[in-house]
Amino acid sequence: MSQHIHPQHFKQQSKVALADPQLRSSFRNAMDYLQDKRAQSFSEPGSFEQLQLRGEAIRKRCLNQLPELLEQLESSCTNNGIVVHWAEDAQQAREIVSGILAEENAKTVVKGKSMLSEEIALNEHLAALNIECLESDMGEYIVQLANEAPSHIIMPAIHKRKQEVAELFAKHIDGFEYTEDVDSLIKAAREVLRYKFEHADAGITGVNFAVAQTGTLCLVENEGNGRMTSTVPKVHIALMGIEKVVESLNDIPPLLSLLTRSATGQAITTYFNMISSPRQSEDNDGPNAVHLVLVDNGRSQAYSDERYRASLQCIRCGACMNHCPVYARVGGHSYASVYPGPIGKIISPHLLGLEATGDLVTASSLCGACESVCPVNIPIPALLRELRSDAKLPSASEQALKGQASHRSWLEESVWVIFRIIMTKPVLYRGLSFFVVRFSFLMPRLPAIWGPQRSNPKPSTKTLHQLMRERKKNS
Amino acid sequence: MSAIPIRLYPEQPKQVYLYASCLVDMFDPNAGIAALQILEAQGIEVLWLEQQSCCGQPAYTSGYTDSAMKVAKQQFELFDTDIPVVVLSGSCAGMLRKHYPSLLEKECDSDALAKFSNQVFEWGEFLLNICQIKLLDKGETTKAVVHNSCSARREMGIAETTMRLLKQMDKVELVEPKYASECCGFGGSFAKRHQDISLAMVADKAKHLLETQASFLLSADWGCLLNINSYLEQQQSGMRGQHIATFIWQRCYGGEL
Chain S
15 MSQHIHPQHF
25 KQQSKVALAD
35 PQLRSSFRNA
45 MDYLQDKRAQ
55 SFSEPGSFEQ
65 LQLRGEAIRK
75 RCLNQLPELL
85 EQLESSCTNN
95 GIVVHWAEDA
105 QQAREIVSGI
115 LAEENAKTVV
125 KGKSMLSEEI
135 ALNEHLAALN
145 IECLESDMGE
155 YIVQLANEAP
165 SHIIMPAIHK
175 RKQEVAELFA
185 KHIDGFEYTE
195 DVDSLIKAAR
205 EVLRYKFEHA
215 DAGITGVNFA
225 VAQTGTLCLV
235 ENEGNGRMTS
245 TVPKVHIALM
255 GIEKVVESLN
265 DIPPLLSLLT
275 RSATGQAITT
285 YFNMISSPRQ
295 SEDNDGPNAV
305 HLVLVDNGRS
315 QAYSDERYRA
325 SLQCIRCGAC
335 MNHCPVYARV
345 GGHSYASVYP
355 GPIGKIISPH
365 LLGLEATGDL
375 VTASSLCGAC
385 ESVCPVNIPI
395 PALLRELRSD
405 AKLPSASEQA
415 LKGQASHRSW
425 LEESVWVIFR
435 IIMTKPVLYR
445 GLSFFVVRFS
455 FLMPRLPAIW
465 GPQRSNPKPS
475 TKTLHQLMRE
485 RKKNS
Chain Z
1129 MSAIPIRLYP
1139 EQPKQVYLYA
1149 SCLVDMFDPN
1159 AGIAALQILE
1169 AQGIEVLWLE
1179 QQSCCGQPAY
1189 TSGYTDSAMK
1199 VAKQQFELFD
1209 TDIPVVVLSG
1219 SCAGMLRKHY
1229 PSLLEKECDS
1239 DALAKFSNQV
1249 FEWGEFLLNI
1259 CQIKLLDKGE
1269 TTKAVVHNSC
1279 SARREMGIAE
1289 TTMRLLKQMD
1299 KVELVEPKYA
1309 SECCGFGGSF
1319 AKRHQDISLA
1329 MVADKAKHLL
1339 ETQASFLLSA
1349 DWGCLLNINS
1359 YLEQQQSGMR
1369 GQHIATFIWQ
1379 RCYGGEL
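These protein sequence lines are chains S and Z, in that order. Residues 15 to 489 in my numbering are what the first sequence spells out, letter by letter. Residues 1129 to 1385 in my numbering are what the second sequence spells out, letter by letter.
Next up, the structure:
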């Protein structure tokens, strides 16, 4: 979406968000609710850790054989009658989709929730080709009407209050009678969407997991829009990041359980779709053609660097953002990247390069709340630290992550060289710390080191090294 | 990391190193003295290395791995790996125990690093689980709120250990604030680089701490205290955080420092 391309403005954007009490309380309340729901669904002691171990092991095993599984997926899908396409980057992915639509002469499209479609900016691309692409997930529909980007990967319109939704509907839905009653709002949108499902030429969805052995595409959702989108129009196009492939059907139950519990605290979602072919002759419904577009778009880069491979374990549950103290305060739009929150800070540099995302990787206290709830045990703080280190390298290495070494500054480097010299020379360290405590009375007069609302920390009057020396002398 | 392996603790040793951290050194040396004296009261000889400075964490988390590595190497080489290292901060203990082995992988012997990592204990963890300390509370009845650092909680897995230690003082009503497990917003250079976000976090933390109406704020980490106290001072609140070592010393041992 339009504001989705400038994570380098993260600081300014987060400042605006921090100053908006309404937004702050919307996010805080929603995150509290989601944290609570998740905790309830893993209330049995050890239940999370046990399942997490399995989930992590499955994702690691599948990633370790990613090339083979992708080939197997391609042949299983092809045998099932699903047409498989490969896209190296966003542009190729967009062109493949518009190519299929052109072939089918499709002018109107309904789309289920797909973060990958956001990643490749599909809506803008189709709009430019005069193809109407309507979001059919309630949250996505709302942000589309508002011409905004999703602010959360699971709950795209989490930042919107019901009054704002009512105003949007009043503006965009013909015959809508203004109401702030949530059920009536949903009903109004449902009526619009029902009509669109019936008349759309094609349906586009994401994929949560794809099973290599059987060629099955799994789609997890709560509203039934995924099922409508993938079954009513005559063509179904499924977009999938290449990391989403798993080996066998046995891998699905643990991952599904981790996904729904981590995301919304649900034991299972209302709908779980397993799509394995286009309509067969004996079927009463279903699309005539199913296309699977496998998208790389930076994932191979993450895969090739063993330090970052674990980021591909992600099953996009959003638990890391739900538990992030930074996300809860600045909200999803501040990041200005498709994937906000902790995991977004790892994915975005792989999509956009480190130069544009330097402020994202530093915007974490490394508190580890994200890692502690990650259903597949991605070491998010460790990966963030690696990215920080990459951004500060003296020079970029070959085949490196784009933007490596882009955030090294002469001034900052000097600070850490001085730090190193002081800390590795005990005499110098003790001399300087003596100096610091000797002149500690000056601290309040120095420029505020972390802003006007916090006083400068005041050193003691003696260092512990001094006290220890005095102690030794006296004994 | 959600499942931190259960740690098996050795017998009480005769000697330990005290690793105080640069923050205690400069901002609260009395906590260092209190910590040392409490260890001595358990019959342990405390070794103090004059060459100790900083564990290198600030450079490490800022992405200056090379500087961090050089500092870490100099510090690591100070220690005899047969003697436990008792650290007066969950965060620095986490750096020594969890990050030195990978950071110094190419520089130092891996067996020595593994051995060292196994010898690192946070101060309260060491007292409770190795010394099996029994605190005798001689103070007045009071109420204290505890802030556990994120590294103590999630990296070292000792938040509950600290609570158990403090709960031994039977005249102290011990409470945790709302959102106890949420970060205070320090995070080293994060507090400076992203001041506005850090401020929003510490303001909320202070609010929840003050809501408990406790008379004391206790923490085992001076990093968090630096941040929280700076905010409390600027807001002219009467509450100030102190290190648990000082609090325990004053109530259970010798009184003033």
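The beta-carbon is built from N, C-alpha and C at its ideal position, and this holds for glycine as well.
Helix, strand or coil at residue i according to DSSP, with G and I counted as helix
i                : result
A101 of chain S  : strand
I360 of chain S  : helix
V221 of chain S  : coil
L1264 of chain Z : coil
K1271 of chain Z : strand
A414 of chain S  : coil
M1329 of chain Z : helix
F1375 of chain Z : helix
Y1359 of chain Z : helix
E70 of chain S   : helix
E114 of chain S  : Looking at the sequence itself, residue 114 of chain S is Ile, so the reference to Glu does not match. In the structure shown, I114 of chain S sits in a helix (DSSP, three-state: H, G or I).
L1164 of chain Z : helix
C525 of chain S  : Nothing can be reported for residue 525 of chain S: it is not among the residues displayed for chain S, which extend from 15 to 489.
I156 of chain S  : helix
V304 of chain S  : strand
L401 of chain S  : helix
L1224 of chain Z : helix
C1312 of chain Z : coil
E63 of chain S   : helix
L365 of chain S  : helix
I1132 of chain Z : coil
Beta-bridge partners of residue i, as assigned by DSSP
i                : result
F1249 of chain Z : Z:V1214
G1369 of chain Z : Z:L1345
A216 of chain S  : S:V123, S:V249
Q1143 of chain Z : Z:E1173
L231 of chain S  : S:A224, S:I289
G255 of chain S  : S:V309
V431 of chain S  : None; V431 of chain S has no bridge partner.
V260 of chain S  : S:V225
C-alpha distance - residue i paired with residue j, whole-angstrom precision
i                : j                : result
R452 of chain S  : K476 of chain S  : 7 Å
K51 of chain S   : P354 of chain S  : 21 Å
S1190 of chain Z : L1345 of chain Z : 29 Å
P1229 of chain Z : R175 of chain S  : 49 Å
A324 of chain S  : L398 of chain S  : 12 Å
S1195 of chain Z : G1316 of chain Z : 16 Å
Q17 of chain S   : A163 of chain S  : Bear in mind that the predicted position of Q17 of chain S carries a pLDDT of just 44, short of 50, making it too unreliable to give a figure here.
A226 of chain S  : L84 of chain S   : 7 Å
S271 of chain S  : A281 of chain S  : 6 Å
S409 of chain S  : K1234 of chain Z : 20 Å
E212 of chain S  : K121 of chain S  : 14 Å
A342 of chain S  : A350 of chain S  : 15 Å
M136 of chain S  : A101 of chain S  : According to the sequence as given, residue 136 of chain S is Leu; it is not Met. Spanning the two alpha carbons is a distance of roughly 13 Å.
Q64 of chain S   : E261 of chain S  : 20 Å
L1146 of chain Z : A1162 of chain Z : 12 Å
A1285 of chain Z : Q1370 of chain Z : Per the sequence presented here, residue 1285 of chain Z reads as Gly, with Ala not at that position. So the two alpha carbons sit approximately 21 Å from each other.
Listed in chain order, which residues of the segment 1281-1314 of chain Z have Cβ atoms closer than 9 Å to some Cβ of chain S? For the segment 1281-1314 of chain Z, residues whose beta-carbon sits nearer than 9 Å to a beta-carbon of chain S comprise R1281, R1282, E1283, Y1307, S1309, E1310, C1311, C1312, G1313, F1314.
Please name the residues in the segment 312-346 of chain S whose beta-carbon is closer than 8 Å to at least one beta-carbon of chain Z, in chain order. P339, V340, R343, V344
Using Cβ-Cβ distances below 8 Å, what residues of the segment 434-460 of chain S are close to chain Z? Per Cβ criterion, the list reads R434, I436, M437, T438, P440, Y443, R444, S447, V450, V451.
Do the segment 272-287 of chain S and the segment 385-393 of chain S make contact, defined as three or more Cβ pairs closer than 8 Å? yes
Output needed in chain order: residues of the segment 1169-1193 of chain Z with a Cβ under 8 Å from some Cβ in chain S. The segment 1169-1193 of chain Z vs chain S, Cβ under 8 Å: W1176, E1178, Q1179, Q1180, S1181, C1182, G1184, P1186, A1187, Y1188, T1189, S1190, G1191, Y1192, T1193.
Report the residues of the segment 368-381 of chain S with a CB closer than 7 Å to any CB of chain Z, ordered along the chain. Listed by position, the residues of the segment 368-381 of chain S near chain Z (Cβ gap below 7 Å) are T376, A377, S378, S379, L380, C381.
Which residues, taken in chain order from the segment 255-277 of chain S, show a beta carbon closer than 9 Å to some beta carbon of chain Z? none
Below 7 Å between beta carbons is the criterion; list the residues of the segment 1141-1169 of chain Z that meet it against any residue of chain S, in chain order. A1148, V1152, D1153, M1154, F1155, D1156, P1157, G1160, I1161
Members of the segment 32-43 of chain S near chain Z, C-beta cut-off 7 Å: L32
Using a Cβ-Cβ cut-off of less than 7 Å, list which residues of the segment 1199-1229 of chain Z approach chain S; keep chain order. V1199, Q1202
Pairing CB atoms from the segment 354-367 of chain S with CB atoms from the segment 309-316 of chain S, are three or more of them under 8 Å? In short, these stretches touch, since the Cβ pair count reaches three.
Quick one, which residues of the segment 351-367 of chain S are near chain Z if we go by CB-CB under 9 Å, in chain order? none
Assess contact between the segment 123-137 of chain S and the segment 149-162 of chain S, defined as three or more Cβ pairs (one per stretch) separated by less than 8 Å. Is contact present? yes
When Cβ atoms are compared, which residues of the segment 1325-1343 of chain Z fall closer than 9 Å to chain S? I1325, S1326, L1327, A1328, M1329, V1330, A1331, D1332
If the cut-off is 8 Å on Cβ atoms, which residues from the segment 1356-1370 of chain Z count as contacting chain S, listed in chain order? N1357, S1358, Y1359, E1361, Q1362, Q1363
Can you confirm whether the segment 239-259 of chain S touches the segment 198-216 of chain S when touching is taken to mean that 3 or more C-beta pairs between the two stretches lie within less than 8 Å? yes
Check whether the segment 333-342 of chain S and the segment 280-300 of chain S are in contact - that is, three or more C-beta pairs closer than 8 Å. no
Determine contact between the segment 1358-1366 of chain Z and the segment 1235-1252 of chain Z, defined as no fewer than three beta-carbon pairs at a distance below 8 Å. no
At least 3 beta-carbon pairs within less than 8 Å: the segment 430-447 of chain S vs the segment 1317-1327 of chain Z: no
Three or more C-beta pairs closer than 8 Å, one from the segment 1200-1213 of chain Z and one from the segment 1262-1272 of chain Z: is that the case here? no
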